[in-house]
Every structure is written in structure tokens, then in C-alpha cells.
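In our numbering, the protein residues as written are 401 to 452.
Have a look at the structure below before the remarks.
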Amino acid sequence: MDDLKIGDVVMLKAGGPKMTIYAIGNDVSCKWFDGNDLKYGGFEKEELVKLE
């Protein structure tokens with residue numbers, strides 16, 4: 401899944417919230433809202449699916 405880029409909207413293959421990619425390095429750094437709280441996390445590319 402090398403077509404991921406900053407600004408893409410993704411979610412975990414296992415389900416969960418829509419997340420926005422803000423950095424790509426050894427992992428993919430994403431941010432998302434949980435209610436009014438902004439959350440951050442790093443994920444392996446293989447864990448994510450790009451939303452169209």
C-alpha cells in the first residue's frame with residue numbers, strides 16, 4: 401500500500417474511526433477525533449485501508 405500520502409483518509413482494516421494521515425515514516429502517523437478530543441497514533445501501512 402505504497403500509495404498512501406499525507407492528507408489521505410484511512411481507517412484500520414479491523415474497523416474504527418476515520419483517520420487523517422499527517423506523516424509517513426517507518427509507520428503511518430494518523431490523527432482523528434474521539435468526540436471533541438483529538439487523538440494521535442502510529443500504524444503499520446498493512447493495518448490501514450484508504451477510504452475513497
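The beta carbon of each residue, even a glycine, is placed where N, CA and C say it ideally should be.
**Report entry** C-beta contact flag for Lys-405 and Met-419 at 8 angstroms
**Finding:** no
Requested in this report: Could you tell me the distance, in whole angstroms, from the CA atom of Tyr-440 to the CA atom of Gly-415?
Outcome: 16 angstroms
Requested in this report: Determine the burial state of Val-428: buried for a count of at least 16 other Cβ atoms within 10 Å of its Cβ, exposed for fewer.
Outcome: buried
Requested in this report: Let me know the secondary structure DSSP gives Lys-450 once reduced to three states.
Outcome: strand
Query raised in the report: Bridge partners of Asp-427, per DSSP?
Result: According to DSSP, Asp-427 bridges with nothing at all.
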